[in-house]
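Numbering (our numbering), first residue to last: 231 to 653.
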């Protein structure tokens, strides 16, 4: 496919059509209320959430694609000036509200971009997504697979989310006199919270912005902003810290925290003097392939509830599709593995000879997301970099961050403003 025709989760360069998989921040970098580069295709739920995420955005640019449907888009080749017909199938990614995968097909071949996804083919929702994908391919070979390789490491083996959700319910039920803090992000884990609310016949507190999202998603009757109505609160991740939990247990009474995540969280020292504790990614936890709940601290549990596919699920999808070529959309992380390293032999061409398939897990690294620039061939990726800030700006940001951190805590359920640690 010619360069400049289609961009997926990439908003900087010129394209004739832009596609958004979902509204998590790492997939909307470069997208803003002033963005006006062209038509933006998304799912109906993403369209519903868009105004709250990007106030002032020109909504006339949005083009809604129904999940499970195939649509035709006519583009023009930049080289030949000929019309190109692109068939786009929108598939439920089973990740967060509105998240989708895109299958592009035409005379140029076929490309599948998963975005972030959970391949849970045993569930009804997962089976429906699988059926849509296989019916759309209709026996045709997949030329290129751009896959979510967040957990493409044999160390990761997650239980089905239904089992992990039951673990959360069991922990809450076994602490009947405790307040409960559940760590979540701005979007995602709604199914978990709804399951907890129904299983325990309770409401769940969420912060005001999150409550707005819940209302948009149709869950308004389950969630509340009145802390007097419930002992279970869903709070932003930065509010679920050891300092917060210790202080709550000292000041307010028995409280436990729950982190539902696929990441191998652990407890580390705050500084070189090993004073204090903080929640961090702990590589040593990778050796524990258990799907059971883990007690990180006397006040904190970690549950392997993941909205990303684990290693075996990634393997299952690749085995079914056997693409000619593939590449991961996550370029580096604390345990980064190029999927070619493990699954190159399943591709139509031997990608095991690709030098980029080598990996190192010796150092903990920040997660960086590598998104597709456009479908112009095989070299279509661009690594995001950040410009360095001046010392003055860093100092200003530090002071501002402390104030913002305090205000966030006051609004977001923990109501503790004694720490600057926003883990």
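Just so you know, even glycine gets a beta-carbon here, dropped at the ideal spot from N, CA and C.
| Item | Value |
| --- | --- |
| Rounded to whole angstroms, what is the Cα-Cα separation between residue 290 and residue 244? | 18 Å |
| Short of 7 Å in beta carbon distance, which residues of its chain neighbour residue 388, apart from the five on each side in sequence? Order them along the chain. | 492, 521, 534, 536 and 540 |
| Does the distance from the C-beta atom of residue 247 to that of residue 303 stay below 8 Å? | yes |
| Under the rule that 16 or more other beta-carbon atoms within 10 Å means buried, what is residue 623, buried or exposed? | With a pLDDT of 41 at residue 623, under the threshold of 50, the modelled position of this residue cannot be trusted; read the value that follows with caution. That one is exposed. |
| Is it the case that the stretch 408-416 contacts the stretch 446-465, given that we only count it when at least three CB pairs across the two stretches are under 8 Å? | yes |
| Quick check on residue 607: does DSSP put it in helix, strand or coil? | A caution first: residue 607 carries a pLDDT of 27, below 50, which makes its placement in the model unreliable, though a value can still be read off. If DSSP states are grouped into helix, strand and coil, residue 607 belongs with coil. |
| Quick check on the DSSP output: the beta strand (DSSP E) that includes residue 313 runs from which residue to which? | 313-322 |
| Beta-carbon of residue 449 versus every beta-carbon of chain C: anything under 8 Å? | Going by chain labels, chain C is absent from the structure shown, which holds only one protein chain. |
| Starting from the Cα of residue 307, find the closest Cα among 233, 575 and 424 and give me that residue. | 233 |
| Which of the three DSSP states is assigned to residue 195 in this structure? | No answer is possible for residue 195: the residues shown for the chain start at 231 and end at 653. |
| Going by CA-CA distance only, name the one from 328, 240, 299 and 420 that's closest to residue 367. | 299 |
| Which residue or residues does DSSP assign as beta-bridge partners of residue 247? | 236 |
| Measuring alpha carbon to alpha carbon, tell me which of 524, 294, 432 and 391 ends up nearest residue 458. | 432 |
| Secondary structure at residue 531, three-state DSSP: helix, strand or coil? | strand |
| Specify, as a first and last residue, the run of the beta strand (DSSP E) that residue 329 falls within. | No beta strand (DSSP E) contains residue 329, which DSSP labels as neither H nor E. |
| Measuring only the C-alpha atoms, how far is residue 353 from residue 371? | 25 Å |
| Given a threshold of 16 other Cβ atoms within 10 Å of its Cβ, counted over all protein chains shown, does residue 249 qualify as buried or as exposed? | buried |
| Cβ atoms of residue 262 and residue 284: under 8 Å apart, would you say? | yes |
| Just curious, the beta strand (DSSP E) that residue 271 is in, first and last residue? | 270-272 |
| What are the boundary residues of the alpha helix (DSSP H) that residue 438 is part of? | 438-446 |
| Identify whether residue 559 lies in helix, strand or coil by the three-state DSSP scheme. | coil |
| Roughly how many whole angstroms lie between the Cα atoms of residue 558 and residue 527? | 34 Å |
| What separation, rounded to the nearest whole angstrom, lies between the Cα atoms of residue 570 and residue 380? | 13 Å |
| I'd like to confirm something about residue 530: is its beta-carbon nearer than 7 Å to some heavy atom of the ligand FAD, or not? | This structure lacks the ligand FAD; in fact it carries no ligand of any kind. |
| Could you tell me which residues DSSP pairs with residue 302 in its beta bridges? | 317 |
| Strictly by DSSP, which residues pair up with residue 409? | 485 |
| If we ignore side chains and look at the alpha-carbon of each, how far apart do residue 336 and residue 316 end up? | 5 Å |
| Do you know offhand how far residue 238's Cα is from residue 292's? | 14 Å |
| May I ask you to list the residues that DSSP assigns as paired with residue 525? | 531 |
| From 310, 453, 460 and 486, pick the residue whose C-alpha is nearest to that of residue 469; which is it? | 486 |
| By the DSSP assignment, the beta strand (DSSP E) with residue 342 in it spans what residues? | 339-343 |
| Measure how close the beta-carbons of residue 416 and residue 567 come, nearest whole angstrom, since I'm counting them as under 8 Å. | Incorrect: roughly 28 Å between the Cβ atoms, too far for contact. |
| Exposed or buried, what is residue 481 when buried is set at 16 or more other beta-carbons lying within 10 Å of its beta-carbon? | exposed |
| Comparing alpha-carbon positions, which option in 483, 305 and 325 lies nearest residue 235? | 305 |
| For residue 440, does the count of other Cβ atoms within 10 angstroms reach 16, so buried, or fall short, so exposed? | buried |
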